[in-house]
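All remarks here apply to the structure that follows.
Protein chains: 2
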Amino acid sequence: MGTFRCDISMSADGYVAGPNQSEENPLGEGGERLHDWVVSLAVWREAHERQGGEVNASSAIVEEARENVGAAVMGRNMFGPIGGGDWGDGQWKGWWGDNPPFHYDVFVVTHHAREPVEMDGGTTFHFVTDGIERALQRAKASANGRDVVLLGGGQIINQYLAAGLLDELELHIVPVLLGGGSRLFEDLGGQVGLELARAVDAPGVTHVKYLPRAV
Amino acid sequence: MGTFRCDISMSADGYVAGPNQSEENPLGEGGERLHDWVVSLAVWREAHERQGGEVNASSAIVEEARENVGAAVMGRNMFGPIGGGDWGDGQWKGWWGDNPPFHYDVFVVTHHAREPVEMDGGTTFHFVTDGIERALQRAKASANGRDVVLLGGGQIINQYLAAGLLDELELHIVPVLLGGGSRLFEDLGGQVGLELARAVDAPGVTHVKYLPRAV
């Protein structure tokens, strides 16, 4: 049986996206700085069909996160424009172009029912309107024994943590203060316990893996 | 010239003390869990005249933080009961007993003027009513070339960060969610830059050292 895990970049002040997310600025103000550490890596650039890049202590972390993944879950804010809600017209197909970098089934938790959208390269977006537990169940069935990853954003990660359903949470903590935006761990005090599995020091980022459990 | 530095335990959700701090519970609800990692160490127990304890990757971090310190600064909430404000009667001498574990001059930033309080073992509490810059200036003079440490709490650390006066900030990030309390980095987005100096993996805690600068 695979694990259900999440890895996400977080600012030192606890945000996984900056303030004022919009269609023009899906990561929020300053949010692109959360990902500076990864887009400089050869292992990331290769997967996005770009040349060059660095190899450092983060490379193995990214490779590990990518291994053995069979399906994914994401929140509706990550899939589409915040407040748009007009996916029903079949035009919006995510931020990732015709050939998204997933190459497996991605289950989008939303209130808007929609037929699955099959993309190039093996990615199909499925829209799940009956809650986070059902989305995980369907992703596990699709993953067929491999791991399921939770792609974000912050709100759905907090929901899965509160429900005690997430097995692993790896934070990539970056030396940036965003001062606002989507906060991880919001209102979870007393509901969730964390066990520290390991931390890894790397250039411009600290990787910290927790094993969450409901308390 | 010594550095001005701070090291403090922080929950994974960004709090350096729990909610509802009081005279009975100065660290707030659950706040004592922030320090589990350190009170188990031999290096801490020795300094507090207790036997036994562990030696692990945190030991060197604690020793390093304690080296070459000539004076300290703390906020008024750390020195005395929250909302008490009655130090003027000369009764309150801090939480640390007759022989506090500092053994140098400690400058308490407060609105309440008071004569210095000389304790056993070389600690003297001085009360500074003309602001954080003046407190630092006096502490540096007392330290005479050695380092000055900022002891806390969260509010005064945020003030020194906003003022661009802190040279080093080492966080001891513990796998605990407090859900409320005194938040580090509150409202500092866009005001403060951080450079990651190093991270150290240890049992039950991740040590992350940042070099802050005003932006």
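As given, the protein sequences belong to chains A and F, one line each in that order.
So the first sequence is numbered by our numbering: it starts at 1 and just counts up by one.
So the second sequence is numbered by our numbering: it starts at 216 and just counts up by one.
Heads up, the beta-carbon is just placed ideally off N, CA and C, and yes, glycines get one too.
Computed from a prediction, not measured in an experiment: that's the story for all the values here.
- With a cut-off of 8 Å on Cβ pairs, the segment 229-245 of chain F is not in contact with the segment 192-202 of chain A, counting fewer than three such pairs.
- Shown here is that no member of the segment 153-172 of chain A has a Cβ falling below 7 Å from a Cβ of chain F.
- Counting only Cβ-Cβ distances below 8 Å, Thr-206 of chain A has contacts in chain F at Leu-411, Ala-414, Thr-421 and Val-423, in chain order.
- Against Leu-177 of chain A, the close residues of chain F are Phe-400, Leu-403, Gly-404, Val-407 and Leu-409, in the order they occur along the chain (beta-carbon pairs closer than 7 Å).
- Among the CB atoms of chain F, one or more fall inside 8 Å of the CB of Asp-13 of chain A.
- Taking 8 Å as the cut-off, the beta carbon of Lys-140 of chain A is found no closer than this to the beta carbon of Val-149 of chain A.
- Contact annotation: Gly-243 of chain F and Leu-256 of chain F have beta-carbon atoms that are not nearer than 8 Å.
- By the Cβ test, the segment 108-117 of chain A is in contact with the segment 125-142 of chain A, since at least three Cβ pairs between them sit closer than 8 Å.
- The C-alpha of Asp-120 of chain A lies about 33 Å from the C-alpha of Arg-183 of chain A.
- A check of alpha carbon separations from Asp-167 of chain A across A:Ala-143, A:Ala-199, A:Tyr-210 and A:Gly-190 identifies A:Tyr-210 as the nearest.
- Rounded to whole angstroms, Leu-403 of chain F and Asn-77 of chain A show a C-alpha spacing of 26 Å.
- Of the candidates A:Leu-169, A:Val-73 and A:Gly-80, A:Leu-169 places its Cα closest to the Cα of Arg-198 of chain A.
- For Leu-41 of chain A, the three-state secondary structure derived from DSSP is strand.
- Under the three-state reduction of DSSP output, Ala-286 of chain F falls in the strand class.
- At least 8 Å separates the beta-carbon of Val-423 of chain F from that of Trp-252 of chain F.
- Proximity to Trp-311 of chain F across F:Ser-274, F:Val-284 and F:His-263 peaks at F:His-263, based on C-alpha coordinates.
- In the DSSP assignment, Met-10 of chain A falls within the unbroken beta strand (DSSP E) covering 4-11.
- When the five nearest sequence neighbours on each side are left out, the beta carbons in the same chain lying within less than 7 Å of the beta carbon of Gly-290 of chain F are those of Val-324, Gly-367, Gly-368, Gln-370 and Ile-371, in order along the chain.
- The beta carbon of Gly-243 of chain F sits no closer than 8 Å to any beta carbon of chain A.
- Around the beta-carbon of Asp-313 of chain F, fewer than 16 other beta-carbon atoms lie within 10 Å, marking it exposed.
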